[in-house]
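Take the sequence shown: its letters are residues -7 to 536, numbered as in my numbering.
We put the CB at the ideal spot given by N, CA and C, even for glycine.
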Amino acid sequence: MAAPCRIPVVVVLGCTGTGKSKLALELGRIFNGEIISADSMQIYKGLDIITNKVTMEERQICPHHLLDYLSPLHYHNTVVDFRNRALPIIDCLLKEKKVPIIVGGTNYYIESLLWKFLINQEDVDTAKVLADKSKVPHSLHGNQSHLSPLDKGIHPHQIPHVNSQETPESREQKDPVQNHQVEHAEKPSVERGCGFDCNEDEKKVETSPTDIKKTFKSDYSTASIEEEVLEQGQDKLENVDTKELHRQLLEVDPVSAQRIHPRNRRKIARALEVYEKYGVPISQIHKMQHLQTGGDNSISGPLRYEHTCIFWLQCEQSVLDERLDKRVDAMLQQGLIKELTDFHALYNASRIQENKKVDYTLGIFQSIGFKEFHKYLLLTKEERNTNEGQKHFEEGVADLKVVTRRYARRQITWVKNRFLKRPGGRVPAVYNLDVTDVDKFDELVLKPAQETLQAILEERTPELKPIPPEKTAKNCPVHNMCEVCDGRIFTMESEWEAHLQGRRHKKMVEKKKRQAQNESQAKWIKLVETTDILDTFITSQQES
-7 MAAPCRIPVV VVLGCTGTGK SKLALELGRI FNGEIISADS MQIYKGLDII
43 TNKVTMEERQ ICPHHLLDYL SPLHYHNTVV DFRNRALPII DCLLKEKKVP
93 IIVGGTNYYI ESLLWKFLIN QEDVDTAKVL ADKSKVPHSL HGNQSHLSPL
143 DKGIHPHQIP HVNSQETPES REQKDPVQNH QVEHAEKPSV ERGCGFDCNE
193 DEKKVETSPT DIKKTFKSDY STASIEEEVL EQGQDKLENV DTKELHRQLL
243 EVDPVSAQRI HPRNRRKIAR ALEVYEKYGV PISQIHKMQH LQTGGDNSIS
293 GPLRYEHTCI FWLQCEQSVL DERLDKRVDA MLQQGLIKEL TDFHALYNAS
343 RIQENKKVDY TLGIFQSIGF KEFHKYLLLT KEERNTNEGQ KHFEEGVADL
393 KVVTRRYARR QITWVKNRFL KRPGGRVPAV YNLDVTDVDK FDELVLKPAQ
443 ETLQAILEER TPELKPIPPE KTAKNCPVHN MCEVCDGRIF TMESEWEAHL
493 QGRRHKKMVE KKKRQAQNES QAKWIKLVET TDILDTFITS QQES
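Structure below.
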C-alpha cells in the first residue's frame, strides 16, 4: 500500500437504515481513521435504542467523537454548538495524518462542517465597512421609531452599544464577564492529541484556558456570533407577534425582509438579532460571504476542506421500507418502550418542577418515537395493560414505522437538493454505493469505497465515477404574492414557478374564474330583474 500523500475528509451520507455506521467503522479500521458522529440526537447521553447509536463494542473498533456529551434534559443545543466542537477534532486529526470520517443522519450538521456558511467576525467587520459607505445606520438606539422589538421598553443603559471601530481584542478587554465565560467554558478534552469528546470513561488531558481562548478566537469562533445572538434575543422576542417582527425587519433590512417568508419567525428573529447586536444587516454579511465564492449564486460560503470525499449509500425504496419496519420491531425487542417510559418519568419530574409544557420541537424530544408514543406514555402502568393501552401501543408502533419511512425519504431529498443540486459549483465528489443487497455489502459497498478512498489518498483518479451534479435552473431570491391563492408569499424563484404550475394553484384559478362568472351572471340577472321592475312601473304609470 502506497504511503498517503493527502488526507481527505470523508463523509458517509445516507438515510436511516442504510448502514452508514457499518461502512464508517470499516473505513476507520482500514485507514486509521476516527469517526465524528453528525447526529443531532446521538449527542445526548443514554437513549441508545431510540437514537440507534453504535454499541460500546463497535466503538472499540474505531474511536468515536461527539456521542453522549449532553444531558437529554438540555434543550438548546444548536448546529453552532456542534460545529464548534467538531471542527477542532477534524483539524487535529488531519494534522495527525488520520482520516476524519463524518457520519450521521443530520445533514445540516454535515453542511456546517463542509461549507463556511455561518457568520464570522471577519464577515461582520467587512460588511460594516461597506455599510458605512452606504450610510446604513449602525445602531437602532438613536431613534426610538427604529428600535427593534428586542429592546422596546428597555432602559437605554441596558442596551449594549455596538462600536463598528471596536476590535475583538478591545471588546474582550472591555467585557470581563464574557472573558470570564470563555475562561470557564467547558473545556475540550484531549486524548492522543485529538479526543475532544466529553465521555467520563475516557482518559482526559485538559487544555489550559489560554489554549482554549486561542482556539476559539481563531478558526472556531466563527459561529459564536450567531450563538450569542440567538441566546440573548430569544427571551425578548418570545411575546412579539411574527408580523410585527417582519415589519421591524422591513425597516432595518429590507433586502432580508423580501427574501424571508413573513411567517418564518426563526429567520426573521435571527436577522433582527444580528442587526441589533452588530449594527449591520445580515443581508450585507451574506453578500460578503458570497463574494468569497466569486459572487456566484451559492447557498453558502466557500468549501472548508479542499479534499473531501462523500459516499452516499442508497437503497431501493421498497427494500428500505421493509428494512425500516423490521428495524422498528427490533428496537421494540431491545427495550424501546422501557427506555421511553424511564426517560418520560425523569423528564416529567423535571418539567413539573420547572412548570414547562411538553415541546416536541426541542432537544431529544425531536427524536422519532416520543411523539408517536405520547398517548401511551401518559397512561399509568395499569392502564397500559388494558385494551385502551394496547390500542395506543399499536397506534404508536404503526405511527413510528410511517414516520421513519417518511423521514428516510426527506433525507434522500435533502441530499439531492443540498449536495447534487447545490448551486455555485462548490460540491465535493459524491460517490454512489448501492446497499440494497445486504449479503453483498463487502462486494458492492466496502470494496468500491475502500478502493476509491485509497486512490484519493494516493492522488490517483478513482475507478468509481462520482455522481454528476444535477443542473438546475437558476434559483434567485424573489418576492411574489399569489393573490389567487389568498395572498401566499414565495421568496424563491423556483418555488414561485413551481406554484404557478402546481395543481392547487390551477384549481384556485379555475375556482376564481367560476366565481367571477357566477358573480357576473348574478349581476346580469339582477340587472334584468331591475329592468323588468322598471318596465312594469313605467307601464303602470302610463296606464294610470
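- If you keep only unbroken alpha helix (DSSP H) runs of at least 4 residues inside the region -4 to 75, you get 12 to 22, 48 to 53.
- In this structure, Leu62 lies near Lys37, with their beta-carbon atoms less than 8 Å apart.
- For Glu364, same chain residues with a beta-carbon under 7 Å away, outside a window of 5 residues either side, are Gly388, Asp391, Leu392, Val395 in chain order.
- Taking 8 Å as the cut-off, the Cβ atoms of Arg(-2) and His299 count as close.
- The beta carbon of Leu237 sits closer than 8 Å to those of Pro141, Leu229, Arg257, Ile260, Ala261, Leu264, all from its chain and outside the five residues before and after it, given in chain order.
- By the C-beta density criterion, Thr405 is exposed, having fewer than 16 other C-beta atoms within 10 angstroms.
- The Cβ atoms of Leu371 and Gly381 sit closer than 8 Å to each other.
- In the structure shown, Arg257 falls within a helical segment according to DSSP collapsed to helix, strand and coil.
- Judged by beta-carbon spacing, Val1 lies within the 8 Å limit of Ile94, meaning their Cβ atoms are closer than that value.
- Apart from sequence neighbours up to five positions away, the residues of its chain that approach Leu5 with a beta-carbon distance below 8 Å are Lys12, Asn99, Ile102, Ile302, Phe303, Trp304, Leu305, Val407, Phe411, Val422, ordered along the chain.
- If the five residues before and after Ala30 are omitted, its C-beta is found closer than 6 Å to the C-beta atoms of Ile94, Gly96, Thr98, Tyr101, Ile102, all from its own chain and listed in chain order.
- DSSP, read as helix, strand or coil, puts His471 in strand.
- Looking at the DSSP output, Val422 shares a beta bridge with Ile302.
- By alpha-carbon distance to Pro440, the top candidate from Thr10, Leu15, Cys7 is Leu15.
- Only residues of its own chain outside the window of five on either side were considered, and among them Gly381 have a CB closer than 8 Å to the CB of Glu375, listed in chain order.
- In this chain, Phe362 is not harboured by any beta strand (DSSP E), its DSSP state being neither H nor E.
- Val91: member of the beta strand (DSSP E) spanning 91 to 95, first to last residue.
- Proximity to His497 across Cys7, Arg397, Ser512, Gly479 peaks at Gly479, based on C-alpha coordinates.
- Contact between Val244 and Tyr267 holds, since their C-beta atoms are separated by about 5 Å, short of 8 Å.
- When DSSP states are grouped into helix, strand and coil, Arg480 belongs to the strand group.
- Going by beta carbons, Val116 and Ile277 fall inside the 8 Å limit.
- Under the three-state reduction of DSSP output, Leu371 falls in the coil class, being neither helix nor strand.
- In the displayed model, Leu438 falls within a helix according to three-state DSSP.
- For Phe385, the enclosing alpha helix (DSSP H) starts and ends at 379 to 407.
- Ile41 and Leu328 do touch by the CB rule: their CB atoms are close to 5 Å apart, below 8 Å.
- With fewer than 16 neighbouring CB atoms inside 10 Å of its own CB, Gln534 falls in the exposed class.
- When beta bridges are read from the DSSP output, Trp107 appears opposite Leu295.
- Taking 8 Å as the cut-off, the beta carbon of Leu106 is found no closer than this to the beta carbon of Cys54.
- Of the candidates Leu312, Lys235, Arg319, Pro80, Arg319 places its Cα closest to the Cα of Thr43.
- With respect to Pro294, Arg414 sits apart: the two C-beta atoms are not nearer than 8 Å.
- A straight line joining the alpha-carbon of Arg77 with that of Glu502 spans about 54 Å.
- With contacts defined by Cβ atoms closer than 8 Å, Glu26 and Lys90 form a contacting pair.
- By the 16-neighbour rule on beta-carbons within 10 angstroms, Pro460 is exposed.
- Straight-line spacing of the CA atoms in Arg21 and His66 works out to 33 Å.
- Taken through DSSP and simplified to helix, strand or coil, Cys307 comes out as coil.
- Burial of Ala400 is indicated by the presence of at least 16 other C-beta atoms within 10 angstroms of its C-beta.
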